[in-house]
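Residue numbers for the sequence shown follow the numbering used here, beginning at 38 and rising by one. By construction, the Cβ of each residue, glycine as well, lies at the ideal position given by its N, Cα and C atoms. Quick caveat: nothing in here was measured; it's all calculated off a predicted structure. Down below is the structure, laid out as structure tokens.
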Amino acid sequence: LGLLFQYRRSTLADIWGDYLSDPRLKCIFAALWPYLGLPPGKVSFVYWASMLMGYISDGAYYCKGGFQKFADSLVTGLKQAGGEIFYKSKVDRITVNDNQVQGVLLASGEFICAETVIANADMLQTVYKLVGEEYFPESYLTRLQRMEVSCSLFVVYIATDLDLVQAGVRQEAFYYQQLNHQDNYDNALQGDVSWLGITVPTLLDDSIAPKGEHLMVLTALMNFNQTDNWKQAKADYMDKMLDFADSKINGLKSHVLFIEAGTPATMQRYTLNNKGAAYGWAVTPNQVGVNRIANKAPIEGLYFAGHWTTPGGGVYGVSYSGVQTAQKILGLARQDELWALCADGECNA
38 LGLLFQYRRS TLADIWGDYL SDPRLKCIFA ALWPYLGLPP GKVSFVYWAS
88 MLMGYISDGA YYCKGGFQKF ADSLVTGLKQ AGGEIFYKSK VDRITVNDNQ
138 VQGVLLASGE FICAETVIAN ADMLQTVYKL VGEEYFPESY LTRLQRMEVS
188 CSLFVVYIAT DLDLVQAGVR QEAFYYQQLN HQDNYDNALQ GDVSWLGITV
238 PTLLDDSIAP KGEHLMVLTA LMNFNQTDNW KQAKADYMDK MLDFADSKIN
288 GLKSHVLFIE AGTPATMQRY TLNNKGAAYG WAVTPNQVGV NRIANKAPIE
338 GLYFAGHWTT PGGGVYGVSY SGVQTAQKIL GLARQDELWA LCADGECNA
């Protein structure tokens with residue numbers, strides 16, 4: 038705890054100078070920074086170290102069958118606990134009376150009465166559109182306006198019949214053309230495709246593609262405001278990313294069976310996150326830990342989960358936020374108490 042307190046306001050770059058001097062070693066050591074959407078000079082050291090230690094102590098895992106299986110498992114758990122899923126049901130309003138949540142009004146006109154509402158949606162839209170700023174203290178709104186939103190992503194999805202095993206391609210790798218990650222970050226947000234994350238899930242799980250074929254995902258950080266017309270810019274960025282990948286994986290372009298892309302506008306449209314924010318609030322030192330927006334809102338019965346609240350972004354961070362929120366709602370101080378309730382089949386209590 039002493040070390041956490043000592044480094045709570047530090048970035049990764051603030052710390053590594055005491056241990057590393059070789060620029061190449063620094064580049065390799067921090068190669069996973071895109072997982073958190075910020076370079077060493079901006080990312081919280083504590084949050085970055087937590088991510089790295091998780092990989093070192095527990096290992097890194099992939100959902101067999103694809104990450105849709107992860108979402109499916111959550112649905113299964115909710116249904117087993119007596120929950121009901123409303124698909125394609127947009128929420129128009131979270132109603133509040135006398136500082137107490139009353140329920141949720143759907144776009145269809147249906148009202149669902151509830152004394153407890155957990156919002157895992159974009160926090161700015163939740164506060165200003167779904168609830169209404171008039172229900173929040175002025176100090177809370179001022180804090181929200183000061184928070185820094187994370188960047189978005191441009192993702193290219195490829196099906197290929199290239200023999201990636203023979204080509205020596207790894208399941209996941211980051212390809213950088215320069216050692217300075219601050220420059221890599223700045224270039225990405227200016228629209229320069231000078232590095233990529235390349236993932237090939239079929240090298241771990243061949244059940245998700247026909248025999249002899251592979252799925253490949255190219256990922257780059259991107260600024261939502263890079264263009265005011267992503268529909269027009271989409272093809273150009275997709276071609277640039279494919280060209281970059283082909284320069285690292287010889288013959289890829291001539292073996293593309295299918296290609297599609299998701300722009301920052303796509304991310305915003307499908308997730309309704311402000312400007313397609315991929316990580317919620319940016320995980321800077323002053324926006325993690327106690328400095329991040331808490332799971333409980335200043336309105337009775339309203340809670341937050343997801344990458345806009347504590348602890349932060351990423352699959353683990355978002356999943357753990359759900360655990361934290363469940364504990365707060367149930368009044369449980371320790372996580373093992375929550376698991377004990379679940380084991381006893383009382384999580385729907």
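Close beta carbons around residue i, own chain, < 8 angstroms, minus the five adjacent residues each side
| i | result |
| --- | --- |
| residue 386 | A caution first: residue 386 carries a pLDDT of 45, below 50, which makes its placement in the model too unreliable to give a value. |
| residue 154 | 131, 138, 140, 141, 338, 339 and 340 |
| residue 309 | 158, 159 and 162 |
| residue 204 | 286, 287 and 288 |
| residue 66 | 53 and 57 |
Neighbourhood of residue i by C-beta, 6 angstroms cutoff - its chain only, sequence neighbours within 5 removed
| i | result |
| --- | --- |
| residue 25 | Look at the range of the chain in this structure, 38 to 386, and you will see that residue 25 is not part of it. |
| residue 261 | 189, 301, 312 and 313 |
| residue 177 | 335 |
| residue 44 | 82 and 83 |
| residue 349 | 84, 320 and 325 |
| residue 355 | 343 and 344 |
| residue 152 | 338 |
| residue 183 | none |
| residue 222 | 76 |
Simplified DSSP state of residue i, which is helix, strand or coil
| i | result |
| --- | --- |
| residue 329 | coil |
| residue 213 | strand |
| residue 270 | helix |
| residue 156 | strand |
| residue 307 | helix |
| residue 233 | strand |
| residue 362 | helix |
| residue 293 | strand |
| residue 340 | strand |
| residue 67 | coil |
| residue 196 | strand |
| residue 245 | helix |
| residue 148 | strand |
| residue 57 | coil |
| residue 43 | helix |
| residue 137 | strand |
| residue 264 | coil |
| residue 123 | coil |
| residue 101 | coil |
| residue 96 | coil |
| residue 386 | Residue confidence is low: residue 386 scores 45 on pLDDT, short of 50, so the model does not pin down where it sits. Its coordinate-derived value is still stated next. The answer is coil: DSSP assigns residue 386 none of H, G, I, E or B. |
| residue 224 | helix |
| residue 371 | coil |
| residue 113 | helix |
| residue 345 | coil |
| residue 282 | helix |
| residue 351 | helix |
| residue 313 | helix |
Strand pairing of residue i, partner residues [DSSP]
| i | result |
| --- | --- |
| residue 170 | BP columns for residue 170 are empty, so no partner. |
| residue 130 | 142 |
| residue 318 | 186 |
| residue 88 | In DSSP, residue 88 forms no bridge with anything. |
| residue 81 | 48 |
| residue 299 | 192 |
| residue 259 | 189 |
| residue 254 | 194 and 236 |
CB contact flag (residue i, residue j, <9 angstroms)
| i | j | result |
| --- | --- | --- |
| residue 208 | residue 240 | yes |
| residue 351 | residue 88 | yes |
| residue 83 | residue 142 | no |
| residue 169 | residue 133 | yes |
| residue 230 | residue 283 | no |
| residue 220 | residue 101 | no |
| residue 228 | residue 264 | yes |
| residue 201 | residue 330 | no |
| residue 246 | residue 278 | no |
| residue 254 | residue 206 | no |
| residue 225 | residue 275 | no |
| residue 167 | residue 129 | yes |
Residues near residue i by beta carbon distance below 7 angstroms, same chain, minus five either side
| i | result |
| --- | --- |
| residue 216 | 60, 61 and 64 |
| residue 68 | 211 |
| residue 369 | 375 |
| residue 85 | 49 and 73 |
| residue 248 | none |
| residue 214 | 231 and 232 |
| residue 70 | 76, 77, 80 and 218 |
| residue 164 | 170, 173 and 181 |
| residue 270 | 264 |
Practice item. Check whether the stretch 295-315 touches the stretch 133-150, counting contact only when three or more Cβ pairs, one atom from each stretch, lie closer than 8 angstroms. Key: As far as the Cβ criterion goes, the stretch 295-315 does not touch the stretch 133-150, which means the pair count is below three.
Point to revise | the stretch 181-201 in contact with the stretch 287-300 per 3-pair CB rule at 8 angstroms | key: In this structure the stretch 181-201 touches the stretch 287-300; the number of beta carbon pairs closer than 8 angstroms is three or more.
Review point. Okay, do the stretch 70-85 and the stretch 316-330 touch, 3+ Cβ pairs below 8 angstroms being the bar?
Key: yes
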